[in-house]
Structures are given as structure tokens and as C-alpha cells.
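Everything in the sequence shown is counted per the numbering used here, starting at 127 for the first residue and increasing by one.
Glycine is no exception: its CB is placed at the ideal position from the N, C-alpha and C atoms.
All values reported here derive from a predicted model rather than from experimental measurement.
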Amino acid sequence: MSELKSKIAEKLDLQEIAYSMLWEDSRILNLALKINPDDHVLSICSAGCNVLSMLLAKPKAITAIDFNQSQLMILELKIAGIKRLDHAEFMKLLGFYPCDDRIKLFDCCASELPPSALSWWQQHQKLMIDGIAYSGRLELYLKRLRENFLRIWKAEGLAVLKSCQNIEEQARFWQRYGTDEVKHMLTDFVAKQNQQSGRDAAKLEHVHDNYAEGLWQRLEHTIKTQPMSDNFFNQYILLDDHQQPEHTYDYLNQNNFTELKSLVNRITLVHDQLEKHLTSVPIGTYSKGNFSDIFEYMTEDATKELLSLIGKSFAKSGRIAYWNLFVDRNSRNQISSLSLLQEESQNLHLDDRLWFYKNFFIETII
Ligand SMILES: C[S@@+](CC[C@H](N)C(=O)[O-])C[C@H]1O[C@@H](n2cnc3c(N)ncnc32)[C@H](O)[C@@H]1O
Numbered sequence: 127m128s129e130l131k132s133k134i135a136e137k138l139d140l141q142e143i144a145y146s147m148l149w150e151d152s153r154i155l156n157l158a159l160k161i162n163p164d165d166h167v168l169s170i171c172s173a174g175c176n177v178l179s180m181l182l183a184k185p186k187a188i189t190a191i192d193f194n195q196s197q198l199m200i201l202e203l204k205i206a207g208i209k210r211l212d213h214a215e216f217m218k219l220l221g222f223y224p225c226d227d228r229i230k231l232f233d234c235c236a237s238e239l240p241p242s243a244l245s246w247w248q249q250h251q252k253l254m255i256d257g258i259a260y261s262g263r264l265e266l267y268l269k270r271l272r273e274n275f276l277r278i279w280k281a282e283g284l285a286v287l288k289s290c291q292n293i294e295e296q297a298r299f300w301q302r303y304g305t306d307e308v309k310h311m312l313t314d315f316v317a318k319q320n321q322q323s324g325r326d327a328a329k330l331e332h333v334h335d336n337y338a339e340g341l342w343q344r345l346e347h348t349i350k351t352q353p354m355s356d357n358f359f360n361q362y363i364l365l366d367d368h369q370q371p372e373h374t375y376d377y378l379n380q381n382n383f384t385e386l387k388s389l390v391n392r393i394t395l396v397h398d399q400l401e402k403h404l405t406s407v408p409i410g411t412y413s414k415g416n417f418s419d420i421f422e423y424m425t426e427d428a429t430k431e432l433l434s435l436i437g438k439s440f441a442k443s444g445r446i447a448y449w450n451l452f453v454d455r456n457s458r459n460q461i462s463s464l465s466l467l468q469e470e471s472q473n474l475h476l477d478d479r480l481w482f483y484k485n486f487f488i489e490t491i492i
């Protein structure tokens with residue numbers, strides 16, 4: 127096989143913070159991967175939220191990889207903050223709460239940052255001072271989507287949704303407020319040209335079909351089956367900024383903070399393309415893998431090649447998991463080293479708290 131390269135890496139602005147949070151549900155990811163103490167997990171980094179969340183399952187090691195250095199810098203800052211700060215300071219450093227003196231908090235952590243991360247953050251000081259929590263391109267896009275829901279629902283509709291105490295009340299809300307006008311707004315908002323402000327155009331190159339109907343049905347599914355109190359993704363997209371950020375991602379929960387401090391040295395960060403990295407490590411290094419929705423940006427053939435490489439590189443009986451956003455990408459059980467777990471994947475996908483994703487897949491290494 128010729129050396130694999132990521133084609134999209136050449137087309138993206140790899141300085142930009144695309145995601146300051148991870149819009150992928152760690153709950154189904156952890157259930158899919160069944161992480162145990164012998165595992166070495168390989169995970170796409172993005173904003174690092176799921177790396178930290180999987181760390182709480184206590185694998186032997188986690189390697190976080192990204193070809194976008196800015197994304198790795200976010201995780202570097204989080205790791206340094208976990209090591210040096212208390213929980214309240216950590217939340218302020220990240221921008222979840224107001225803070226007049228983030229530089230002081232940053233200075234406390236600076237000695238924990240590797241030289242490359244220290245100089246990166248010194249060059250991007252304003253970003254840190256403003257607070258990174260909701261600053262990524264996708265977070266800003268979702269905020270605009272929220273403003274569009276509010277434009278139609280108005281304060282009255284929003285108050286009804288906020289007051290819902292259970293899924294029965296949410297279903298009644300949807301009956302009244304899940305109107306054609308809202309559906310058209312959503313369809314229009316996610317239409318290709320608008321999408322480009324939330325994601326780089328190159329990331330949509332392989333999207334051809336009409337995904338709006340599926341999005342609408344999945345949004346309805348989350349509202350009718352998942353209490354808003356348990357779905358912090360919908361809280362952000364439909365209601366407001368998070369009122370209680372510590373009750374969102376597991377790694378932000380105060381009860382997990384001491385444990386995180388003891389585990390955080392198990393993380394290694396790698397600035398590379400997954401395609402290249404896999405050929406540079408001994409076969410069997412990794413036993414579990416989280417690949418976000420990276421196949422979204424590839425042709426079917428490129429997906430097949432990369433999945434084959436993953437299958438050959440990973441330890442036998444390992445597991446990998448990944449999402450499909452708008453395109454259909456999986457091994458289709460045509461790769462000899464992988465076995466697609468259809469039923470388990472489908473069941474977990476039904477519990478996904480994010481409705482963007484068309485599919486979630488788990489494959490085992492055979
Ligand atoms: C795939 S994106 C998706 C994030 C989110 N699920 C979404 O839909 O917008 C997550 C991260 O993967 C990184 N990434 C994508 N393809 C990669 C590859 N082949 N090797 C390394 N990192 C990659 C991107 O830089 C980004 O930070």
C-alpha cells in the first residue's frame with residue numbers, strides 16, 4: 127500500500143480553533159469502547175473533552191492525535207490547568223465563569239506546558255484572556271443557530287421549554303413549537319452555504335445527499351426521549367449557555383477533579399495525521415480507538431484504506447468507534463481485520479444526545 131496522507135489536511139486552516147468543545151457524546155463512546163486498565167487508547171483530540179472523559183475510565187494510556195495544532199493546544203492548556211489549579215480556578219481559566227485575571231491563572235500553569243505550547247499560548251494570549259470555552263468556530267455557529275430558534279419561539283416558547291420537567295412535557299412542547307417554520311429555519315440554516323460558516327467548506331466536499339429530514343427527525347427524537355436536564359448539548363443549542371458547566375462533560379465535574387489530577391500524566395499528545403502516525407508505531411500499540419467523524423472528509427476508497435490500516439495496526443480484539451455526520455462511511459464488513467457491530471452501534475446511536483450525527487459505528491479488530 128502506498129503511504130496514506132490526509133487530503134483534507136492540505137485544504138484546511140490548521141491555525142484556526144474549529145472546536146473549543148467536543149460535540150460528540152462521550153457517554154455512548156465510553157459504552158462502545160469498554161475501556162479497561164490494559165488499554166492504550168488512540169483518540170482524535172479535537173477540544174480534548176472526550177480524551178479527558180475516556181481517561182476517567184482509567185486506561186493504561188491515552189494518545190491524543192490531531193493534525194490541527196490549535197486543537198492540541200487547547201488540550202495542553204486543560205492538562206496544565208488540571209495539574210496546577212483547583213477546580214474553581216480551572217473552570218475560570220477555561221472561561222466557564224467570569225475572571226478578571228486569567229493571566230494570573232495561566233502563569234500558575236505555565237511551568238506545566240511544554241515549550242511549544244507555552245509559546246503558542248503567549249502568541250494567543252487574547253484568546254486565553256477572553257476564555258476559550260465557547261470560542262471555537264462551531265460553538266459560534268451553534269450560538270447563531272440558537273438565536274434562530276429563539277427568533278421563532280420567542281421568550282414565551284423558550285420559557286415553556288425551560289420549564290419542562292420531563293419528556294412528556296417536552297413532547298407537548300414539541301407538538302406546539304416543533305412547527306414547519308422551525309423545520310424550514312433549521313433546513314435553511316444547515317444548507318451548504320450556511321454550513322460553511324460552522325465548518326470549513328473542504329469538510330463538506332463529500333456531502334451530496336439531503337440530510338435535513340434526518341436532522342429534523344433526530345432533533346425530535348432527542349426532545350421526546352431525553353430529558354433536557356440530562357442533555358447539555360441541547361441545553362446549549364436550544365436554551366442558553368450552560369448554567370451549570372460542571373454538570374456537562376464528566377471532566378468538568380468537581381467530583382472527578384482529584385481523580386483527573388492523578389490520571390492526567392497518562393495522556394500523550396501527537397501532532398500528526400492519523401494516516402502517518404499509524405505507520406510509525408509498532409503493530410498492536412493501540413487497543414481502543416476513537417476516530418470522531420474523520421471519515422466524513424474522505425472518499426469511500428480513502429475511508430476503506432484508512433480503516434484497513436487501523437485494522438492491521440491495532441491489537442486483536444480491540445475496538446474502535448466513530449460517527450458519521452452527513453455521509454455514509456464504515457467498513458461495510460468488507461475489511462478482513464474488522465467486524466462491524468451493527469446492532470450494538472444502532473442501539474447506542476439511539477441514545478446519542480447529539481442529533482447532528484447520521485450514524486455511530488463500533489468495529490472490533492479480528
Ligand atoms: C473530525 S473533526 C470533527 C469534530 C466534530 N465532530 C464536528 O462534527 O464538527 C475533529 C478533529 O479531527 C481532526 N482530524 C480530522 N482528520 C484528521 C486526521 N486524518 N488526522 C488527525 N486529525 C484529524 C481535526 O483537526 C479536528 O480537530
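Starting from His-166, trace the beta strand (DSSP E) in both directions and tell me its first and last residue.
Indexing the sequence shown from 1 puts residue 166 at position 40. From DSSP, the beta strand (DSSP E) with His-166 extends over 166-170.
What do you reckon, is the C-beta of Ser-169 under 7 Å from a heavy atom of ligand 1?
Taking the sequence shown and counting its residues from 1, the one referred to as residue 169 is at position 43. Every heavy atom of ligand 1 is 7 Å or more from the Cβ of Ser-169, so no.
So what does Gly-415 bridge to, in DSSP terms?
Counting from 1 along the sequence shown, the entry for residue 415 is found at position 289. Leu-168, Ile-446.
Given Met-147 as reference, the closest of Ile-363, Lys-387, Gly-444, Glu-469 once Cα atoms are compared:
In the sequence shown, the residue the question calls residue 147 occupies position 21. Comparing Cα-Cα distances from Met-147 to each of Ile-363, Lys-387, Gly-444, Glu-469, the minimum goes to Ile-363.
With respect to 7 Å, is the separation between the Cβ of Phe-193 and the closest non-hydrogen atom of ligand 1 below this value?
Looking up residue 193 in the sequence shown gives position 67. Yes.
Under 7 Å from any heavy atom of ligand 1, does the C-beta of Trp-481 make it?
Start at 1 with the first residue of the sequence shown, and residue 481 comes out as number 355. Result no, Cβ not under 7 Å from ligand 1.
Residues in its own chain within less than 6 Å of Asn-379 by CB, not counting five upstream and five downstream?
Taking the first residue of the sequence shown as 1, we reach residue 379 at position 253. Closer than 6 Å at Cβ, skipping near neighbours: Glu-372.
Considering only DSSP beta bridges, list what Thr-490 is partnered with.
Taking the first residue of the sequence shown as position 1, residue 490 is located at position 364. For Thr-490, which the question treats as bridged, DSSP gives the partners Arg-445, Ser-465.
State the CB to CB distance for the pair Tyr-377 and Leu-389, rounded to an integer number of angstroms; the pair is presumed to be in contact (CB under 8 Å).
What you label residue 377 is simply residue 251 of the sequence shown in a count that begins at 1. What you label residue 389 is simply residue 263 of the sequence shown in a count that begins at 1. In this structure Tyr-377 does not touch Leu-389 by the C-beta definition: roughly 10 Å separates them, more than the 8 Å allowed.
Any idea which residues DSSP pairs Val-316 with across the strands?
Walking along the sequence shown from the start, residue 316 turns up at place 190. None, per the DSSP bridge assignment.
To the nearest whole angstrom, what separates the beta carbons of Ala-158 and Ala-441, a pair I think is in contact under 8 Å?
For the purposes of this step, residue 158 is taken as the residue at position 32 of the sequence shown. For the purposes of this step, residue 441 is taken as the residue at position 315 of the sequence shown. No, Ala-158 and Ala-441 are not in contact; Cβ-Cβ is about 17 Å, not under 8 Å.
Beta-carbon separation (whole angstroms), Asp-434 vs Ile-461, contact threshold 8 Å
Stepping through the sequence shown from its first residue, residue 434 is reached at position 308. Stepping through the sequence shown from its first residue, residue 461 is reached at position 335. Looking at the sequence itself, residue 434 is Ser, so the reference to Asp does not match. Contact holds; Cβ gap of about 5 Å.
Do the segment 173-180 and the segment 291-304 touch if we need at least three Cβ pairs shorter than 8 Å?
Contact fails: fewer than three Cβ-Cβ distances are below 8 Å.
Of the listed residues Ser-152, Ile-154, Leu-198, nearest to Ile-499 (C-alpha basis):
The requested residue 499 does not occur in the structure, where the chain is confined to residues 127 to 492.
Quick one: is the Cβ of Asp-419 within less than 7 Å of any heavy atom of ligand 1?
Stepping through the sequence shown from its first residue, residue 419 is reached at position 293. Result yes, Cβ under 7 Å from ligand 1.
Quick check: the segment 258-267 against the segment 228-240, are at least 3 beta-carbon pairs closer than 8 Å?
No, the segment 228-240 does not touch the segment 258-267.
Residue range of the unbroken beta strand (DSSP E) whose run includes Ala-187:
Indexing the sequence shown from 1 puts residue 187 at position 61. Unbroken beta strand (DSSP E) run through Ala-187: 187-192.
Could you check if Asn-391 is buried or exposed, using at least 16 other CB atoms within 10 Å of its CB as the buried criterion?
The count along the sequence shown starts at 1 and reaches residue 391 at position 265. Result: exposed.
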